[in-house]
Amino acid sequence: MKTIKDVAALSECYDLLVIGAGPAGMAAAATGAEQGLSTLLIDENPAPGGQIYRGITTTPVAAKETLGADYWRGTDLVRDLTASEATYAPETTVWSVGPAAEGPSDPGRMEVGVSVGGAARLIQARQVIAATGALERPFPIPGWTLPGVMTAGGAQIALKTSGLVPDGRVVVAGSGPLLYLLTAQLRAAGAKISVMLDTTPHENWGRAIRYASDFLRSPYLGKGLKLLLGAHRGMRIVRGITAIEADGDSRVRSVRFRHGSKEEELPCDVLLLHQGVVPNINLANAVGCALDWDDDQLTWVPQTDEWYETSVKGFTIAGDGAGIGGAESAALRGRLAALGAGHRLGRLSAKDRDQMAAPVRTELMRAGRGRRFLDVLYRPAKAFRVPKADDTIVCRCEEVTAGKLRETVALGVAGPNQMKSFLRCGMGPCQGRLCGLTVTELIADTRGVSPNEVGGYRLRPPIKPITLGELAALPKTPAAIKAVER
Amino acid sequence: MSGVFGGGAPDVIVIGAGIHGCSTALHCAMRGLKVLVIEKDHAGRHSSGVNAGGVRQLARHVAEIPLSVYSMELWHRIAQLVDDDCGFTSDGQVLVAESEAEYDSFRARVTELNSFGFSHEELIDARELRRLVPAVAETCPGGIVSRRDGAALPFKTTQAFRRKAEALGVRFCEGVRVTGIQAEGSAWTVSTNVGAVRAAKIVNAAGAWADRIAADLGEPVPLEVIAPMLMITARVEHFIKPVVILRGRKLSFKQFANGTVLIGGGHLGRALRDQNTTVLDWAKLAENAKTVWDLFPIMRGTTIVRAWAGIEARMPDDLPVFGKSRIHEGIFHQFGFSAHGFQLGPGAGAVMAELIATGNTNTPISGLGIERFAA
Numbered sequence: 089m090k091t092i093k094d095v096a097a098l099s100e101c102y103d104l105l106v107i108g109a110g111p112a113g114m115a116a117a118a119t120g121a122e123q124g125l126s127t128l129l130i131d132e133n134p135a136p137g138g139q140i141y142r143g144i145t146t147t148p149v150a151a152k153e154t155l156g157a158d159y160w161r162g163t164d165l166v167r168d169l170t171a172s173e174a175t176y177a178p179e180t181t182v183w184s185v186g187p188a189a190e191g192p193s194d195p196g197r198m199e200v201g202v203s204v205g206g207a208a209r210l211i212q213a214r215q216v217i218a219a220t221g222a223l224e225r226p227f228p229i230p231g232w233t234l235p236g237v238m239t240a241g242g243a244q245i246a247l248k249t250s251g252l253v254p255d256g257r258v259v260v261a262g263s264g265p266l267l268y269l270l271t272a273q274l275r276a277a278g279a280k281i282s283v284m285l286d287t288t289p290h291e292n293w294g295r296a297i298r299y300a301s302d303f304l305r306s307p308y309l310g311k312g313l314k315l316l317l318g319a320h321r322g323m324r325i326v327r328g329i330t331a332i333e334a335d336g337d338s339r340v341r342s343v344r345f346r347h348g349s350k351e352e353e354l355p356c357d358v359l360l361l362h363q364g365v366v367p368n369i370n371l372a373n374a375v376g377c378a379l380d381w382d383d384d385q386l387t388w389v390p391q392t393d394e395w396y397e398t399s400v401k402g403f404t405i406a407g408d409g410a411g412i413g414g415a416e417s418a419a420l421r422g423r424l425a426a427l428g429a430g431h432r433l434g435r436l437s438a439k440d441r442d443q444m445a446a447p448v449r450t451e452l453m454r455a456g457r458g459r460r461f462l463d464v465l466y467r468p469a470k471a472f473r474v475p476k477a478d479d480t481i482v483c484r485c486e487e488v489t490a491g492k493l494r495e496t497v498a499l500g501v502a503g504p505n506q507m508k509s510f511l512r513c514g515m516g517p518c519q520g521r522l523c524g525l526t527v528t529e530l531i532a533d534t535r536g537v538s539p540n541e542v543g544g545y546r547l548r549p550p551i552k553p554i555t556l557g558e559l560a561a562l563p564k565t566p567a568a569i570k571a572v573e574r
Numbered sequence: 174m175s176g177v178f179g180g181g182a183p184d185v186i187v188i189g190a191g192i193h194g195c196s197t198a199l200h201c202a203m204r205g206l207k208v209l210v211i212e213k214d215h216a217g218r219h220s221s222g223v224n225a226g227g228v229r230q231l232a233r234h235v236a237e238i239p240l241s242v243y244s245m246e247l248w249h250r251i252a253q254l255v256d257d258d259c260g261f262t263s264d265g266q267v268l269v270a271e272s273e274a275e276y277d278s279f280r281a282r283v284t285e286l287n288s289f290g291f292s293h294e295e296l297i298d299a300r301e302l303r304r305l306v307p308a309v310a311e312t313c314p315g316g317i318v319s320r321r322d323g324a325a326l327p328f329k330t331t332q333a334f335r336r337k338a339e340a341l342g343v344r345f346c347e348g349v350r351v352t353g354i355q356a357e358g359s360a361w362t363v364s365t366n367v368g369a370v371r372a373a374k375i376v377n378a379a380g381a382w383a384d385r386i387a388a389d390l391g392e393p394v395p396l397e398v399i400a401p402m403l404m405i406t407a408r409v410e411h412f413i414k415p416v417v418i419l420r421g422r423k424l425s426f427k428q429f430a431n432g433t434v435l436i437g438g439g440h441l442g443r444a445l446r447d448q449n450t451t452v453l454d455w456a457k458l459a460e461n462a463k464t465v466w467d468l469f470p471i472m473r474g475t476t477i478v479r480a481w482a483g484i485e486a487r488m489p490d491d492l493p494v495f496g497k498s499r500i501h502e503g504i505f506h507q508f509g510f511s512a513h514g515f516q517l518g519p520g521a522g523a524v525m526a527e528l529i530a531t532g533n534t535n536t537p538i539s540g541l542g543i544e545r546f547a548a
């Protein structure tokens with residue numbers, strides 16, 4: 089592996105560009121390079137790992153049991169990547185991906201805007217694999233914007249990268265397998281978590297039970313049981329939570345919640361929220377990939393073929409960005425995506441590709457077993473996705489409330505893109521990348537139609553912000569220079 | 174026959190619910206006409222909803238100044254007209270000269286406009302320029318200001334026109350695509366993907382798709398589909414009130430009340446009108462950014478948070494096609510505003526409604542007719 093830290097050191101064009109160095113991206117880059125494709129792996133972080141294996145080569149958390157055996161499994165992926173011929177560009181952002189206008193025209197050739205250390209440049213790639221992973225689902229409750237309220241994933245990142253543990257009385261709230269994992273990791277690292285508020289709706293159990301047999305034969309069962317048993321030691325778990333509110337003036341002081349007919353209030357210094365992860369489709373959306381609403385996972389999922397190529401030729405999505413499947417599945421899907429790209433680039437015959445893919449697909453089937461049970465069981469309740477209280481903030485950047493959105497729907501504003509112009513929701517620094525799901529579901533709910541009919545924000549590039557100075561200093565591409573000389 | 178479209182038979186069918194279609198529909202309704210608007214996407218989906226929002230009389234071609242002046246009167250009482258302020262603010266627009274030679278040409282232009290009786294453009298020296306736009310680079314010798322100009326929120330405006338038109342009885346059919354227009358006796362039958370509907374008067378306000386309607390009517394026009402690009406920055410401290418434009422290099426520059434800055438000026442991306450999408454050209458946006466870098470040093474470290482393009486129609490002479498059909502009774506054209514039609518929307522709708530209802534208008538529109546493209 090060759091590491092690049094200067095934008096000028098990049099080639100004009102790569103056969104394969106992989107965006108994101110999590111499990112899917114690492115596997116895709118290693119598999120691509122193995123086929124002899126000139127492969128560039130770009131990642132925002134200083135070291136490979138993505139979110140799940142974040143800081144795996146650099147973390148100060150030395151005790152293996154704190155982050156758990158599943159975390160350290162990422163070491164194998166890093167080893168394969170390091171041994172490969174791929175080029176790796178850390179601390180690099182991709183701010184734009186679009187069809188290339190000039191140069192040799194192979195279908196799917198992309199122009200990619202990248203930026204390293206304040207210097208931007210346009211390069212090309214014949215195939216792009218986006219391994220942009222997952223995001224935590226928004227959790228819009230009253231008071232969720234108060235200092236001291238954060239996502240459990242945010243707390244985990246601080247732990248993995250810097251060994252930081254939240255101070256004071258910590259309450260975790262939400263639902264899903266990751267909530268239990270994050271809680272266990274934080275407790276092992278010394279966080280004082282006294283209460284967990286579990287928002288998993290009771291009625292989900294009834295729906296999930298018919299998928300239980302697969303789950304019982306899956307590796308999830310053992311992991312889940314271990315986490316559950318661990319959670320019960322030294323921590324109160326309150327189940328069947330139907331409402332949560334964070335209180336405080338300048339920061340969170342207490343959390344109020346309802347379970348059954350009871351209401352309780354507990355003092356707390358930190359409230360960690362988490363209700364599962366959803367595909368990070370921001371790049372796919374900006375590129376123009378067709379997306380479908382998945383009513384089980386309550387999120388947008390890009391349309392892909394069996395090699396994860398999207399509706400945009402040459403643009404492939406591997407890993408959780410194409411649908412939540414977890415780290416193991418992500419790495420396998422990264423391999424398949426790279427095999428598909430290798431075939432499209434003429435490097436692999438269809439026969440070789442399929443042969444190499446067959447064992448990976450078998451593994452993928454196994455890795456996906458039990459997933460459906462978890463999806464159905466941990467499908468978050470509507471009360472935590474579509475805020476009932478009118479004064480709950482939905483768009484944090486522009487402070488747009490649920491009530492304001494409902495009022496505006498009543499004016500005949502039918503979708504998120506029209507809503508932007510009316511309320512500026514989704515127009516702040518995050519450009520709707522965080523509130524998109526909430527806005528879509530809230531409009532759909534108010535109108536009494538499906539999210540598919542409402543649609544989502546059309547996200548606009550740059551996918552990551554760049555400065556005016558950086559853009560102004562963009563070096564001319566060879567094609568543009570030739571056009572002037574002519 | 175108008176069954177799927179609801180209501181009774183319309184007097185006027187407007188094709189296209191951009192700012193122009195919506196404004197014409199509203200003004201026709203104000204004159205007591207029954208109007209049906211057919212829109213293939215939704216109102217304001219393309220350039221009417223995503224343009225820079227400039228409300229500008231400044232630096233226009235003489236042929237469209239009367240329409241622009243008429244429109245400006247409506248802009249200054251826009252809330253009375255459509256029950257919505259449309260986000261309209263009037264802090265003027267300034268055309269900055271980047272060199273002495275350019276400043277001389279500006280002086281000649283203002284003199285010429287004055288001789289035609291137009292007084293909205295005013296030549297300003299370096300001192301007045303610095304007073305209006307303190308952050309502008311020291312090297313600029315002066316400019317032209319149009320003090321009643323300003324800016325508005327394009328999508329909000331288009332929606333306000335649409336809502337007011339609806340309140341006055343105009344029917345909007347969105348997501349319906351016109352597939353053909355045939356003469357039937359003294360009226361016109363408009364065929365769509367959901368059925369046909371008939372009216373005596375048809376307005377072609379179909380923007381970047383209007384050439385197809387015109388061609389179908391036997392009046393082909395050399396319309397170019399363009400995708401002007403825009404960028405918006407993160408919030409920066411307030412430093413400029415008027416909209417600033419350049420002529421030599423392409424730039425339009427406006428800071429909103431919330432501190433964000435809109436950068437445009439007509440650099441073109443690629444328009445894919447059959448896919449309803451656009452592709453940005455970053456090399457040209459870089460040029461756009463370089464112009465700002467030169468003109469407003471204060472902006473250099475600001476973050477670009479969003480860039481986009483809208484699909485527009487441009488005519489070879491950069492003037493709209495506005496007025497009666499050259500060959501057909503009852504057909505009217507209102508398209509091809511060539512990336513500067515937003516300000517004209519309110520006034521052009523009023524003039525078009527006058528033309529439809531009375532057969533004539535007092536506002537000079539010669540030079541804008543479709544006959545100029547007749548072979």
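If you read the protein sequences in the order shown, they are chains A and B. Using this note's numbering, you'd call the opening residue of the first sequence number 89 and step up by one each time. Using this note's numbering, you'd call the opening residue of the second sequence number 174 and step up by one each time. Note that CB positions come from ideal geometry on N, CA and C, so glycine has one too.
- Unbroken alpha helix (DSSP H) runs of no fewer than 4 residues, entirely contained in the segment 187-246 of chain B, are found at 192-203 and 220-223, following chain order.
- Considering only A:L315, A:S282 and A:D357, the residue with the shortest C-alpha distance to A:R324 is A:S282.
- The alpha carbon of A:V365 has as its nearest neighbour, out of A:P553, A:A246 and A:L266, the alpha carbon of A:L266.
- For B:A526, there is no enclosing beta strand (DSSP E); the enclosing alpha helix (DSSP H) has its first and last residue at G518 to T531.
- In this structure, A:R484 sits near A:L522, with a CB-CB distance shorter than 8 Å.
- Separation of A:R421 and B:G421 (C-alpha to C-alpha, rounded to the nearest whole angstrom) is 52 Å.
- Around A:R548, the beta-carbon contacts reaching into chain B at under 7 Å are R479, A480 and W481.
- Per DSSP, reduced to three states, the secondary structure at B:Q428 is strand.
- As a beta-bridge residue in DSSP terms, B:K374 pairs with B:V185.
- With a minimum length of 3 residues, the unbroken runs of beta strand (DSSP E) contained wholly in the segment 397-455 of chain B fall at 397-406, 416-419, 424-428, 434-437, 441-445 and 450-452.
- Setting aside the 5 residues that flank it on each side, A:L223 is surrounded in the same chain by V365, V366 and N368, each with a C-beta closer than 7 Å to its C-beta; the list follows chain order.
- Runs of the beta strand (DSSP E) lying entirely within the segment 336-410 of chain A and spanning at least 3 residues, in chain order: 342-347, 350-355, 358-362, 365-367, 379-382, 387-390 and 403-405.
- If you draw a straight line from the Cα of B:G180 to the Cα of A:G242, it is about 56 Å long.
- Judged by pairs of C-beta atoms under 8 Å, the segment 190-206 of chain B touches the segment 332-342 of chain B, as three or more such pairs exist.
- Close to chain B, meaning a Cβ-Cβ distance shorter than 9 Å, are the following residues of the segment 495-517 of chain A: L499, G500, V501, A502, G503, N505, Q506, K508, S509, F510, R512, M515, G516 and P517.
- Look at A:R225 here: in three-state DSSP terms it is coil, with no helix or strand label.
- Chain B has a Cβ within less than 8 Å of the Cβ of A:P187.
- In this structure, DSSP gives B:S278 a helical state, which the three-state scheme calls helix.
- Within chain B, the residues T476 and I477 have their CB atoms less than 8 Å from the CB of A:I554, given in chain order.
- Bridge partners of A:C483 according to DSSP: A:V488.
- In this structure, the straight-line span from the alpha carbon of B:I543 to that of A:I554 is close to 44 Å.
- In the assembly as shown, A:A96 is an exposed residue. Its beta-carbon has fewer than 16 other beta-carbons within 10 Å.
- Under the three-state reduction of DSSP, A:W160 is assigned to helix.
- In the DSSP annotation of this structure, A:K152 is not part of any beta strand (DSSP E); the continuous alpha helix (DSSP H) holding it starts and ends at K152 to L155.
- In the structure shown, the three-state DSSP call for A:R324 is strand.
- Interface with chain A (8 Å Cβ-Cβ cutoff): B:R487 is excluded.
- Contact between B:K337 and B:D256 holds: CB atoms are separated by about 6 Å, below the 8 Å threshold.
- Distance from the CA of B:H249 to the CA of A:P390, rounded to the nearest whole angstrom, comes to 46 Å.
- The residues G543, Y545 and R546, in chain order, have a CB closer than 8 Å to that of A:N505 in the same chain once the five nearest residues on each side in sequence are set aside.
- If you draw a straight line from the Cα of B:M245 to the Cα of A:G520, it is about 34 Å long.
- In chain A, no part has a C-beta under 8 Å from the C-beta of B:D256; the shortest such distance is about 12 Å.
- DSSP, read as helix, strand or coil, puts A:D168 in helix.
- Taking a contact as a CB-CB distance under 8 Å, the pair A:A471 and A:A331 counts as one, their CB atoms being some 6 Å apart.
- Shown in chain order are the members of the segment 436-459 of chain B whose Cβ falls below 9 Å from a Cβ of chain A: I436, R443, Q448, T450, V452, L453, D454, W455, A456, L458 and A459.
- Below 8 Å, enough C-beta pairs join the segment 430-446 of chain B and the segment 401-420 of chain B to call them touching: three or more.
- Counting every other CB atom within 10 Å of its CB across the protein chains shown gives A:W232 a total of 16 or more, marking it as buried.
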